[in-house]
Amino acid sequence: MTSRRRPPMRTLTGLAGAALLGYLLGHVGRHDVAKASPPASHPPHDLAAMVESAQGAVVHVTSYLSRPRDLPTAGDRSPADEAMGSGYVASPDGYIVTSAHVVSGGAAIYVHLLGRGWLPARVVGVDPVIDIAVLKVEASGLSILSPADFRSVKVGNWVVAVGSPFRLMRSFTAGVVSGMGRSDVGTPSPFEDFVQHDAAVNVGSSGGPLLDVVGRVVGINTAILSRTVGHQGISFAVPIDVVLPSFESIRSTGRPPRRASLGASVRDLSARELARPLHHGRHSPDRSVAP
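Take the sequence shown: its position 233, counted from the start at 1, is 232 in numbering that gives the first Met the number 0, and no numbers get skipped.
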């Protein structure tokens, strides 16, 4: 069948002048996955065994939109009424994790599983704060990916990004963790605590897993920073320890977890602002206050 798609990466202007940001990226029952363990930091000479083991749990997601997109994403050649992304199987009974914006507005959603072909999927729930959606397919005995222990992830660890860039299903690219706790990267969601890495991520990689070198999930690829729409070595993923509670809540209740709100957003002062004299009531690190 002909695959139909919309690029799961949305570009934004901002950050470093004309920089473009591609906005890419459930419950996993504790009984369904292996216990989280520290990610391996030293890659083997050959990743083929890991790739062979992991690829059966990586899916290609196609969403037929209920209404056409008003504006196409730069670099996308897909029809305006289609969306495309990636995801992974989180439990053997058919729960799949992807990015919320991949399935947003979808009238019909299909996923492609290695060895099983195309299967219809329904949306169990979404978490717009971290841009995560949980899908369900009617299948059993599926291969799954297990989470890494994110507390052990460090800058310099080798990682592997998996997804369907430009509809090339189950593509694997390798890199290293470049930074932790990245914020102010310009994504539409309020979440600001990304893993930065340099594994290649492109249009179609939304929702695909970021793995350690033994195939455990470190995070969900969700964004790139680029002047060309394509990969330029700066990719972002939502940490798996942030994603897991959302998986669990959505799978159990169909809703994301409730989060406390401070009622204010806070930002760091720029060097220019710090150079200015402070006057009482004139400016503060607090950017805004909600009632």
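The beta-carbon is built from N, C-alpha and C at its ideal position, and this holds for glycine as well.
- In this structure, the beta-carbon distance from V237 to I129 falls below 9 Å.
- Counting the other CB atoms within 10 Å of its CB gives P119 a total below 16, which places it among the exposed residues.
- Look at R181 here: in three-state DSSP terms it is strand.
- Beta-carbon to beta-carbon, G203 and G84 are separated by about 7 Å, close enough to satisfy the 8 Å threshold.
- When the beta-carbon positions are compared, R250 and Y87 stay at least 9 Å from each other.
- Linking I233 to R257 through their CA atoms gives a straight-line distance of about 31 Å.
- A distance below 6 Å between beta-carbons, with the five flanking residues on each side excluded, links S163 to the following residues of its chain, in chain order: H59, S85, G203.
- For K135, the closest C-alpha among the options H111, K153, V158 is that of H111.
- Taken through DSSP and simplified to helix, strand or coil, G114 comes out as coil.
- For L273, the enclosing alpha helix (DSSP H) has its first and last residue at 270 to 274.
- Contact check for D197 against S177 passes: the beta carbons are separated by less than 9 Å.
- For I143, the three-state secondary structure derived from DSSP is coil.
- Between V57 and P208, the CB-CB gap stays under 9 Å.
- Per DSSP, L243 is one residue of the alpha helix (DSSP H) stretching across 239 to 252.
- Counting only residues of its own chain and dropping the five nearest sequence neighbours on each side, D92 has a CB closer than 8 Å to the CB of D31, A138, S139, L141.
- Taken through DSSP and simplified to helix, strand or coil, E81 comes out as strand.
- DSSP places A160 in the uninterrupted beta strand (DSSP E) bounded by 157 to 162.
- For L210, DSSP records a beta bridge to V159, V216.
- Contact check for V213 and V194: beta-carbon distance about 17 Å, past the 8 Å limit, so the pair fails to qualify.
- Per DSSP, V102 is one residue of the alpha helix (DSSP H) stretching across 99 to 102.
- Residue burial is scored here from C-beta neighbours: L167 has fewer than 16 other C-beta atoms within 10 angstroms and is therefore classed as exposed.
- G55 sits in a helix when the DSSP states are folded into three classes.
- S234 carries a strand assignment under DSSP once its states are collapsed to helix, strand and coil.
- The shortest C-alpha to C-alpha distance from S90 to any of L144, V154, D45, S52 is the one to L144.
- Boundaries of the beta strand (DSSP E) around V194: 193 to 196.
- When the beta-carbon positions are compared, T97 and A132 come within less than 9 Å of each other.
- In this structure, the CA atom of W157 is about 6 Å from the CA atom of D211.
- Taken through DSSP and simplified to helix, strand or coil, A107 comes out as strand.
- Contact check for V242 and I219: beta-carbon distance about 6 Å, within the 8 Å limit, so the pair qualifies.
- One alpha carbon belongs to G124, the other to T221, and they sit about 18 Å apart.
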